[in-house]
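The next block holds one structure in the form of structure tokens; read it before the comments.
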Amino acid sequence: MSIIDDDKIKIAKHDPKARAIPGKGYYSLEAQEERLTFLRKELDYLQPETLDKALNFITDTFLKPEQVLKNTENYIGTVQIPVGIAGPLMIKGDHVKRVQYVPMATTEGSLIASTTRGAKAITLSGGCHVKVIDRIMNRVPVFQFHNKEEAVAFKKWFSTKCKGFTQEAESYSRYAQLESIEPILVDERVFLECRYKTGDAAGQNMTTVCTWHACQWLKHQAVSDGITILSVHVASSVSGDKKVCSRNSFPPGSTARRGTHVIATCNLTDAVISKELKSSRSQLLSAFETTKVSAKLAGMLAFNVNVANVIAALFTAAGQDIGSVHESSIAEFKLVPRPNNELHASVRLPCLIVGTVGGGTQLPTQQSILALLGCQGPSSSLALAEIIAATALALELSTFSAIAADHFAQAHDKLGRNRPMLPLKVEELNLDYFRAIAQQLGEKRKLMQADIQPMPKDSESIVTELTGQVISDKWVGLSQVKLRWAEDQPAHSEDRSKGRKLPNTWFIKSKPTSEEVYLALKRIASISGEAVQNALTQHASILPINQAHTRELNILARAPKELTSIAPETYHIWRDNNRQIYLLVQPFLQNIELMNSVNHPQLWKRKHLLTAITDISPLHALAYSKKNEIPENLSSLQLYNPRLNERIESIPLWSTLINHGIKEHSDWFCTHHHEKALSLLAEAPIWMEKKEKLPKGFIHNDFNPRNLAFLTKTEGISLCAYDWELAAFDLPQRDLIELLVFTLTPQTDTDDLATYINTHRVTLGNLVQSPIHHNCWFEGVRLSLYDFIVTRLPIYYLIDTLKTQKFLPRVHNSAFRLLTMLDQIQAHESFK
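Counting in my numbering, the sequence shown runs from 1316 upward without gaps.
Encoded structure:
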């Protein structure tokens, strides 16, 4: 039935209850299911499977219907919103004195990361000082009369009833205290601004109930005293409930008119502004003067950048009234220069509507968030107000610094926002898709079911993982597919042997484009400072991510036997340049050792290293050439191979990223290593030229335990190498060095290193049928380590800014330890 079915419209017109939602006022599983059944019938414009999937997500909740009795009507389920934590944020208030980690519910990427950046800056500057100035909740009923004279008489008469009105209002709540009543005369109307203290409740409902009963009492008193009231409305717009009102926003003096009036301040040093906020005091002050002018031009009540983000995220997480985000987000952000090269920053929230009892705060998840915030018990609502104000200041500082230093647009760059194509959706990888692949591979059994599931933890390649975090409109990443087959029963047994029996689990890799990866790197650079951002933009062409999305597909589609012997089989390649789809389907590896072992180098034994070295050598030998030109039969593979002049011109990029590394990771990036890396860069034109003259080959170029495993067989183990997106034409020693740096342990000594280096040299020499002199080979080993330290580690430093790479401190230290060990090994007799 269509949405505009004429018969259905006629039914609705003649019978208003025809579409009435069932179970009105009932909170039970039966009533919930009745409403869900109703929806399945009424939402006939949806396909049944689409509707079922949507409802299944909504009903997948631990909440019971009776738990939402006071929070919603016509209950059918819940919506899940991601919760992340920001911090550490040192708060110095009257009610919160601690380092706080703040849970925030949001679907906006970069919000929590930005808040964390501001929180760190505040904490390193000595913390955030927070002060609750006042807390009140108002309700303003309006009384209407025939004329102004009657209104004046009522106002005078009310002064004799004020005490009784207060007693009546307070009798309907254990917590409400009516602090003051201010009559406001406007023509033939009198407004009574009733200002309450409401304990730890926000108080909107409480004050409405109390004020309504007091108004009913006052009406009866008026009748007895001959006062004629035409009408009474308990909630006039003067209260400003869930509205932006200048009257409530910045009241004179320190007295709040509505909500909690709270101020958060901190003093930032130039060093913190530079290191953490990637800006400068002069940039911030200059931008602030400009924004004050623009805020006035726009008619803003006061200037702030995005306080509403913090308000919404914490209101959602902590069970606050979401409708109050509007008025609560009114805020005044200020920057003022102070002596001793400090910058005073503040945020004032004049009407923050928060509570820690009542409403949504009683729901179990929201109670858990309040517990994490330490906002339970007496005065907890004041503590919550202090936390919100401090968190708002953290986000203001971070975001405003990004604006002042011109990082804001880059940090919020929506990848592929204007893609003129239909991006890949995971729903396209359906049963028919996998059936077609199975048939092409000669599978005789019928495929009955194909379920796409997440991959095990830490399975993503860094390139795919990096971009998958920031792409929202395109499915990229790794997944596994669980398959179920129907065993066929051919009439003749010989027919059964003709088909190929495929495994029950496959692996899918949907690759982002090089442009998407680059934009993801730009996003990281935008929060890493102007120097990093400019350097990355200027030298982007040197990065091995260029053409990475097609490189791996080309390599696997045209794989020589030297590669197929160590790479997983590829079942299917889907390449669609118009839709920017670059997808691989491979078998899920079985009988495997050391899969995803990058954080467990101790598991790598001598046999694994020797096997990896010997098994990769035939590929190295395939293009091993002193001419240093990619063989014609491999030219279509798009192997990464920048020219010498391009490598030398990119030195400023690596210098900038190394300097960024020590700033971000001073806890494990020691000064000695920093000086050594910069000295290698200073000498780079010389050693890069030497490196260019040494024989090159086809290398993996990401040859580490993230991308390596071993197939176990009866005769032993064999190498399985995957993720060929960075494959290059470079020194074979580059793969060896990366493998050693990632697997080096305290137990690895110079004898071990001599064995590994020598094994690679001798194996490759035998394969190319030309012995390789140890001095020439060792020089390649050393220069490959130089290259790894100055052009690969810096990329990891940058990526770690967005997502912690657990292996990085160990690998960094291993690389510099290996430099020392190579000095010791150069004269090693066994090596010679």
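Every residue, glycine too, gets a C-beta built ideally from N, C-alpha and C. None of these values were measured; they are calculated from a predicted model.
- Take A1765, set aside five residues on each side of it, and the residues of its chain with a beta-carbon closer than 6 Å to its own are L1746, F1749, V1796 and L1798, in chain order.
- Within the DSSP secondary-structure output, G1574 pairs in a beta bridge with I1451.
- Using a Cβ distance threshold of 9 Å, A1632 and I1684 count as a contacting pair.
- By the criterion of a C-beta distance shorter than 6 Å, E1701 is surrounded in its chain by G1408, H1410, V1411 and V1445, once the five residues flanking it on both sides are discounted.
- In the structure shown, W1889 adopts extended strand secondary structure according to DSSP, grouped into three states.
- Distance check between F1648 and each of T1580, V1640, F1630 and S1696 places T1580 closest, using alpha-carbon atoms only.
- Here the stretch 2032–2048 makes no contact with the stretch 2061–2068; the two share fewer than three CB pairs at distances below 8 Å.
- Per DSSP, the beta-bridge partners of D2045 are G2012.
- Of the residues assessed, V1651 falls on the exposed side of the cut-off, its CB having fewer than 16 other CB atoms within 10 angstroms.
- In this model, G1541 and Y1416 are separated by some 60 Å (Cα to Cα).
- Straight-line spacing of the CA atoms in R2021 and K1368 works out to 35 Å.
- With contacts defined by Cβ atoms closer than 9 Å, A1617 and A1660 do not form a contacting pair.
- Membership of P2109 in the alpha helix (DSSP H) is indicated by the continuous run L2108 to L2117.
- Per DSSP, the beta-bridge partners of N1582 are H1659.
- Taking a cut-off of 8 Å on C-beta distances, the stretch 1530–1538 does not touch the stretch 1430–1441, as fewer than three cross pairs fall below it.
- Selection P1946, T1706 and Q2048 evaluated against L2098 yields Q2048 as nearest (Cα-Cα).
- Listed in chain order, the alpha helix (DSSP H) runs fully inside the stretch 1823–1860 are 1829–1841 and 1845–1853, counting runs of at least 4 residues.
- Taking a 10 Å sphere around the C-beta of A1751, we find fewer than 16 other C-beta atoms and assign the residue as exposed.
- Here DSSP, grouped into helix, strand and coil, assigns D1409 to coil.
- Counting C-beta atoms within 10 angstroms of its own C-beta, Q1681 has 16 or more neighbours from the protein chains shown and is therefore classed as buried.
- For H1988, the enclosing alpha helix (DSSP H) has its first and last residue at T1986 to A1997.
- By the Cβ-count criterion, R1815 is exposed, with fewer than 16 other Cβ atoms from all chains shown falling within 10 Å of its own Cβ.
- Note: P1769 is bridge-paired with S1794 in the DSSP secondary-structure output.
- Residue pairing by DSSP puts V1414 in a beta bridge opposite M1405.
- When only Cα atoms are considered, G1399 and F1630 end up about 14 Å apart.
- The shortest C-alpha to C-alpha distance from N1892 to any of V1900, S1829 and Q1901 is the one to S1829.
- The three-state secondary structure of K1470, taken from DSSP, is helix.
- Within the model, the alpha-carbon separation for F1469 versus C1560 is close to 27 Å.
- A check of alpha carbon separations from H2088 across L2100, I2072, F2103 and E1657 identifies I2072 as the nearest.
- Between L1378 and the set G1392, S1552 and V1625, the nearest pair of CA atoms involves G1392.
- Taking all protein chains in view, the Cβ of A1850 is crowded by 16 or more other Cβ atoms within 10 Å, so the residue is classified as buried.
- Between Q1459 and the set Y2112, T1421 and V1547, the nearest pair of CA atoms involves V1547.
- Our two residues, S1841 and S1970, have alpha carbons roughly 17 Å apart in a direct line.
- When rounded, the separation of the alpha-carbon atoms in E1494 and I1336 is 43 Å.
- Using a 10 angstroms sphere on the CB of T1526, the tally of other CB atoms reaches 16 or more, which defines it as buried.
- DSSP, read as helix, strand or coil, puts G1757 in coil.
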